[in-house]
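Data block below; observations after.
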Amino acid sequence: MNVTILGNNSALPAHDRHPTAQFITLHTVDLLLDCGEGTQMQMARYGVKWRRLTHIFISHLHGDHYLGLPGLLNSMSLLGRTAPLTVAGPVALGELLALLKSMGGGHPYGYEVRFQLIDPARDLLLADTPEFSVEAFPVEHRIECYGFLVTQKSKGRKLLVEKAEAAGVPVSFYNRLKAGDDYVGEDGTVISGTDLTEDGPAPKRYAYCADTRYTESYLEVIRGADAIYHESTFLEEDAEKATQRFHSTARQAATIAQKAQAQRLLLGHYSSRYQEVHPFADEAAILFPEVTATVEGHVYEI
Ligand SMILES: [Zn+2]
Numbered sequence: 021m022n023v024t025i026l027g028n029n030s031a032l033p034a035h036d037r038h039p040t041a042q043f044i045t046l047h048t049v050d051l052l053l054d055c056g057e058g059t060q061m062q063m064a065r066y067g068v069k070w071r072r073l074t075h076i077f078i079s080h081l082h083g084d085h086y087l088g089l090p091g092l093l094n095s096m097s098l099l100g101r102t103a104p105l106t107v108a109g110p111v112a113l114g115e116l117l118a119l120l121k122s123m124g125g126g127h128p129y130g131y132e133v134r135f136q137l138i139d140p141a142r143d144l145l146l147a148d149t150p151e152f153s154v155e156a157f158p159v160e161h162r163i164e165c166y167g168f169l170v171t172q173k174s175k176g177r178k179l180l181v182e183k184a185e186a187a188g189v190p191v192s193f194y195n196r197l198k199a200g201d202d203y204v205g206e207d208g209t210v211i212s213g214t215d216l217t218e219d220g221p222a223p224k225r226y227a228y229c230a231d232t233r234y235t236e237s238y239l240e241v242i243r244g245a246d247a248i249y250h251e252s253t254f255l256e257e258d259a260e261k262a263t264q265r266f267h268s269t270a271r272q273a274a275t276i277a278q279k280a281q282a283q284r285l286l287l288g289h290y291s292s293r294y295q296e297v298h299p300f301a302d303e304a305a306i307l308f309p310e311v312t313a314t315v316e317g318h319v320y321e322i
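Going by the numbering used here, the letters in the sequence shown line up with residues 21 to 322, in that order.
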């Protein structure tokens, strides 16, 4: 799983940083987390293609997290998209999509946009395919807001080819061995699939914690993640502002990463008041050394 940072500034574009958007690349499909203004331009700038994009997840309806959506939806239509697209978000996002649809005479795009409501009273598992799942979790922001846990599932068990050959298993049965099946030979002997395979790679988990003030309410959801992206709008010297505005400091982000026993911490959503981003990583590294202050256009392997 790769994460391309398309935007990591908070609120306004500044210092050649842009509003929030992250492009997630999986084996066969891609996902977009938030879609701040200018996302389609950032995609073009960094050579990010939308052809395999199946889902867009919007954390909340502050402008810097969704205002790029109408433009991106429109451009994909003009460029010939026909595959349906799921857009998930809070209830008001559905109203916006309905409005865009009615303004476009009922058929604004050459493809279907399916709205998926994120409803805390319902199941927060938003997508679950053989390849990946996405689960929303509530965070604490000024308005209704969600983080997203993206899991790239394991591709089954790893085949021990030499052992399978020696056991006389036909090649046509290899995929079933990887799926965990036993092989029954012509003479009726059962050869255990687990003896001819080993554990595949562990699933990868990436937790995007959206905009939030410091809270431990979702620690259990993100525990042990391979990487978490936690906003660090402010440095600790502005901790009071962070709390008032329902945002976090780099130190608070590091505390969350440490308590969640994450493997790695990515920082972003920097306030425009800071021109440089390395102080965020420096501050967080005191508590959590495996930290990176993200840079737009960079691809982070999870
Ligand atoms: Zn916000």
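The C-beta atom is built at its ideal place from N, Cα and C for all residues, glycine as well.
Check: Any heavy atom of ligand 1 closer than 7 angstroms to the CB of D54?; Outcome: no
Check: My assumption, with CB atoms under 8 angstroms, is that F83 sits in contact with Q60. Please give the rounded CB distance.; Outcome: In the sequence as displayed, the identity of residue 83 is Gly instead of Phe. With a Cβ gap of about 16 angstroms, G83 and Q60 do not count as contacting.
Check: Tell me whether I242 sits in a helix, a strand or coil according to DSSP, three-state version.; Outcome: helix
Check: Taking the alpha-carbon positions, what's the G220 to L197 distance?; Outcome: 12 angstroms
Check: Using the beta-carbon count (16 or more within 10 Å), is R72 buried or exposed?; Outcome: exposed
Check: If you draw a straight line from the C-alpha of G126 to the C-alpha of S79, how long is it?; Outcome: 26 angstroms
Check: Leaving out five residues before and five after E164 in sequence, what residues of the same chain have Cβ atoms less than 7 angstroms from its Cβ?; Outcome: H80, P110
Check: By the DSSP assignment, the alpha helix (DSSP H) with P185 in it spans what residues?; Outcome: In the sequence as presented, Pro is not what sits at residue 185; that position holds Glu. Unbroken alpha helix (DSSP H) run through E185: 181 to 186.
Check: With a 10 Å radius around its C-beta and 16 neighbouring C-beta atoms as the bar for buried, classify L93 as buried or exposed.; Outcome: buried
Check: Can you tell me whether A273 is buried or exposed? The criterion is at least 16 other CB atoms within 10 Å of its CB, across all chains shown.; Outcome: buried
Check: Could you check how far apart the C-beta atoms of K173 and F157 are, in whole angstroms? I think they sit under 8 angstroms.; Outcome: So it is not a contact: roughly 19 angstroms between Cβ atoms.
Check: What do you get for H35, buried or exposed, if any count of 16 or more other CB atoms within 10 angstroms of its CB means buried?; Outcome: exposed
Check: Check each residue's C-beta against every heavy atom of ligand 1 and list, in chain order, those closer than 7 angstroms.; Outcome: H80, H82, D84, H85, H161, R162, C165, D231
Check: Rounded to a whole number of angstroms, what is the C-alpha to C-alpha distance between S30 and A103?; Outcome: 32 angstroms
Check: Taking only runs that begin and end inside the segment 21 to 108, name each unbroken beta strand (DSSP E) of 3 or more residues, in chain order.; Outcome: 22 to 27, 41 to 45, 50 to 55, 73 to 77
Check: Our contact map puts Y194 next to L179 with C-beta atoms below 8 angstroms; I'd like the distance itself, whole angstroms only.; Outcome: 6 angstroms
Check: On the criterion of 16 or more Cβ atoms from any shown chain inside 10 Å, does A147 qualify as buried, or is it exposed?; Outcome: buried
Check: Could you check the C-alpha separation between A129 and W70 for me, to the nearest Å?; Outcome: Reading off the sequence, residue 129 comes out as Tyr, not Ala. Straight-line Cα distance between these residues: approximately 15 angstroms.
Check: With a threshold of 16 other CB atoms inside 10 Å of the CB of S252, please say whether the residue is buried or exposed.; Outcome: buried
Check: For the beta strand (DSSP E) holding Y131, just list the boundary residues, first then last.; Outcome: Per DSSP, Y131 belongs to no beta strand (DSSP E) and is neither H nor E.
Check: Between the alpha carbons of N22 and V68, how many angstroms are there, rounded?; Outcome: 12 angstroms
Check: On a CA-only basis, which of H298, V189, Y228 is nearest L51? Give me that one, please.; Outcome: Y228
Check: Between which two residues does the beta strand (DSSP E) carrying V111 extend?; Outcome: It is not in any beta strand (DSSP E) - V111 instead sits in the alpha helix (DSSP H) that spans 111 to 123.
Check: Count the CB pairs spanning the segment 245 to 259 and the segment 280 to 299 that are closer than 8 angstroms, and state whether there are at least three.; Outcome: yes
Check: By a C-beta neighbour count over all protein chains shown, 10 Å radius and 16 as the cutoff for buried, is I306 buried or exposed?; Outcome: exposed
Check: Taking contact to mean 3 or more Cβ pairs, one atom from each stretch, closer than 8 angstroms, check whether the segment 38 to 47 and the segment 240 to 247 are in contact.; Outcome: no
Check: At what residues does the alpha helix (DSSP H) containing K175 begin and finish?; Outcome: Run containing K175: none; DSSP gives neither H nor E here.
Check: If distances are taken between C-alpha atoms only, which option among A262, A64, G58 comes closest to Y86?; Outcome: G58
Check: To the nearest angstrom, how far is it from the Cα of T263 to the Cα of R271?; Outcome: 13 angstroms
Check: Could you tell me which residues DSSP puts in a beta bridge with E320?; Outcome: Before going further, note that residue 320 is Tyr rather than Glu in the sequence given. Per DSSP, V23.
Check: Could you tell me whether the Cβ atoms of T40 and Y66 are closer together than 8 angstroms?; Outcome: no
Check: Here's the rule: buried if 16 or more other CB atoms are within 10 angstroms of the residue's CB, otherwise exposed. What is V159?; Outcome: buried
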